[in-house]
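Quick note on my numbering: the sequence shown kicks off at 34 and runs consecutively.
Think of the CB as a built atom: it goes at the ideal place given N, C-alpha and C, for glycine as much as any other residue.
Take a look at the structure set out below.
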Amino acid sequence: MSSFWSWYIAIIALANILACVWLIRWTAKKRPDEVPQHETTGHEWDGLREYNNPMPRWWLWLFYITIVFGLIYLVLYPGLGNFQGILGWSQYGAWQDEVDTVEERVAPLFARYAEMSIPELARHEEAMQTGRRLFGNNCAVCHGADGGGRIGFPNIANHDWQWGGDPEDIRESILEGRTGVMPALGNALGEQGVTAVAAYVFSLSGRNAPEDLITRGREHFQALCASCHGSEGRGNPSLGAPDLTNDNWTYGGSLNAIRTSVREGRRGRMPAQEEFLGEDRVHLLAAYVYSLSAEERYAEEGEEEEQ
Ligand code: HEC
Ligand code: HEC
34 MSSFWSWYIA IIALANILAC VWLIRWTAKK RPDEVPQHET TGHEWDGLRE YNNPMPRWWL
94 WLFYITIVFG LIYLVLYPGL GNFQGILGWS QYGAWQDEVD TVEERVAPLF ARYAEMSIPE
154 LARHEEAMQT GRRLFGNNCA VCHGADGGGR IGFPNIANHD WQWGGDPEDI RESILEGRTG
214 VMPALGNALG EQGVTAVAAY VFSLSGRNAP EDLITRGREH FQALCASCHG SEGRGNPSLG
274 APDLTNDNWT YGGSLNAIRT SVREGRRGRM PAQEEFLGED RVHLLAAYVY SLSAEERYAE
334 EGEEEEQ
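Shown next, in the form of structure tokens:
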């Protein structure tokens with residue numbers, strides 16, 4: 034705020050207070066002994082007449098007290114333009130104090146959880162309740178309340194991971210964020226090439242597409258896509274290149290959506306949470322995300338044991 038506006042506000046505030054003092058003194062000038070008793074203002078409703086008596090003294094004093102209160106307030110707290118008040122109170126400071134108080138209370142709790150391993154924590158009921166709340170407040174806007182994702186935001190409640198599903202991978206995804214870069218290959222392939230390779234990718238998840246397109250598409254795929262998505266299209270977690278053989282899509286699995294992915298490229302960004310949430314909360318969230326796919330994981334582990 035420039036000093037002009039600061040003075041402008043300060044002067045208006047003080048002038049208002051002075052005007053109140055003047056107004057009270059002016060209306061209170063006539064004391065009861067100076068005015069004729071029982072003079073009316075001439076207003077009358079249904080036999081009720083309004084008297085023109087001066088305000089009682091106690092009432093007057095209340096006014097003076099509020100004015101003194103106002104002045105003391107303006108000395109102690111911010112209110113006069115840029116003047117901060119001698120107590121140094123501020124809205125931000127008050128908010129920060131509250132945040133600090135809460136943090137002091139909950140930090141030991143998160144610190145205790147931080148000592149447990151992620152799989153251990155994922156089975157800890159009370160910790161997972163806190164995790165669910167954190168997830169609702171910080172992650173659900175993008176990933177959905179159940180972690181199921183939506184177009185452009187991956188499902189993180191299944192066992193199909195772009196960046197790896199080990200506890201440490203999940204933690205790193207959240208702590209440091211991720212940026213997946215799928216290059217736009219429309220120019221390199223031409224529209225027919227895009228359609229062919231899209232048909233091939235479409236067929237990778239067990240769906241039908243014209244044989245000739247698949248054959249041509251497979252060639253394009255080996256030349257242009259396999260370096261990131263792997264020669265069988267099973268993805269590469271170190272690049273964040275997704276597995277294209279399951280029917281799990283971030284950007285949609287229709288032939289058209291796949292063509293758009295190839296032609297225009299994709300660039301999903303997971304914002305790093307270290308600065309916002311700190312390591313201990315991220316640790317708990319990693320455990321919560323890990324727990325979301327637990328049933329699926331145990332089922333898969335069970336299958337592997339049977340084989
Ligand atoms: C430089 C590495 C790289 C190359 C080359 C590449 N991709 Fe990708 N692709 C990625 C990454 C990384 C993503 C994830 C993008 C994101 O997270 O936003 C992706 C995403 C996709 C998706 C979206 C998947 C979904 O879940 O919706 C499709 C489809 C796809 N790629 C197909 C292809 C095809 C076909 C080619 C070859 C013509 C190709 N990609 C070449 C890295 C690559
Ligand atoms: C602004 C939207 C947004 C928010 C908020 C967000 N995410 Fe993400 N997240 C994404 C996107 C987009 C990706 C995919 C990044 C990519 O394309 O590589 C992602 C990826 C991830 C992954 C990696 C998934 C995989 O398959 O490897 C995890 C784990 C994850 N997010 C967890 C979280 C958690 C936990 C939170 C809450 C602290 C959160 N995200 C908040 C957008 C978001």
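Counting Cβ pairs closer than 8 Å, one from the segment 209-228 and one from the segment 296-310, do we hit at least three?
yes
Tell me the residue span of the beta strand (DSSP E) that contains Gly185.
Element bounds for Gly185: n/a, residue is neither H nor E.
Pull up the distance between the alpha-carbon of Asp245 and that of Thr228, whole angstroms please.
11 Å
Checking 8 Å against the spacing of the C-beta atoms, do Trp196 and Arg211 come in under that value?
yes
Inspect the beta-carbon positions of Cys261 and Asn269 and report whether they are closer than 8 Å.
yes
Contact belief for Pro111 with Ser123 at Cβ below 8 Å, rounded distance in angstroms
7 Å
Whose C-beta lies closer than 7 Å to the C-beta of Glu83 among residues of the same chain, with five residues either side of it excluded?
Thr73, Thr74 and His76
Any heavy atom of ligand 2 closer than 7 Å to the beta-carbon of Ile207?
yes
Do the CB positions of Ala341 and Ser326 come within less than 8 Å of each other?
Limits of the chain in this structure are 34 at one end and 340 at the other, which puts residue 341 out of reach.
Would you list the residues sitting across from Leu81 in a DSSP beta bridge?
Trp78
Quick check on the DSSP output: the alpha helix (DSSP H) that includes Gly126 runs from which residue to which?
Gln124 to Ala147
Here's the rule I'm using: 16 or more other beta-carbon atoms within 10 Å means buried, otherwise exposed. How should Asp193 be labelled?
buried
Out of Gly286, Gly273 and Glu205, state which residue places its alpha-carbon closest to the alpha-carbon of Tyr233.
Gly286
Excluding the 5 residues flanking Phe254 on each side, which residues of the same chain have their C-beta closer than 6 Å to its C-beta?
Val230 and Tyr233
Considering only heavy atoms of ligand 2, does any lie closer than 7 Å to the CB of Pro243?
no
Can you give me the C-alpha to C-alpha distance between Gln162 and His176, rounded to a whole angstrom?
18 Å
Please determine whether the Cβ atom of Thr163 lies at a distance below 7 Å from any heavy atom of ligand 2.
no
Helix or strand or just coil, what does DSSP make of Met303?
strand
CB-CB under 7 Å to Ser206, same chain, minus the five flanking residues each way: which ones, in chain order?
Trp196 and Met303
Cβ atoms of Leu208 and Val315: under 8 Å apart, would you say?
yes
Any heavy atom of ligand 2 inside 7 Å of the beta-carbon of Thr293?
no
Where do the ends of the alpha helix (DSSP H) carrying Gly210 lie?
Counting along the chain, Gly210 falls outside any alpha helix (DSSP H), and DSSP gives it neither H nor E.
Which one or two residues does DSSP pair with Thr73 in a beta bridge?
Tyr84
Let me confirm a value: Gln340 is counted as buried when at least 16 other C-beta atoms fall within 10 Å, else exposed. Which label applies?
Any reading at Gln340 is ruled out, since the residue's pLDDT is 48, under 50, leaving its predicted position unreliable.
Answer yes or no: do Val108 and Gly121 have a C-beta to C-beta separation smaller than 8 Å?
no
Below 6 Å CB to CB, which residues in the same chain sit around Gly226 once its five sequence neighbours on both sides are set aside?
His253
Close beta carbons around Phe235, own chain, < 7 Å, minus the five adjacent residues each side:
Ala242, Leu288 and Ile291
Exposed unless 16 or more other CB atoms sit within 10 angstroms - verdict on Gly80
exposed
Is any heavy atom of ligand 1 found at a distance shorter than 7 Å from the C-beta of Gly285?
yes
Where do the ends of the alpha helix (DSSP H) carrying Pro243 lie?
Careful: Pro243 lies outside any alpha helix (DSSP H) and carries neither H nor E.
Judging by CA-CA distance, which residue of Trp91, Ala46, Pro152 and Glu307 is the nearest neighbour of Ala320?
Pro152
Regarding Pro141 and ligand 2, is the C-beta to nearest heavy atom distance less than 7 Å?
no
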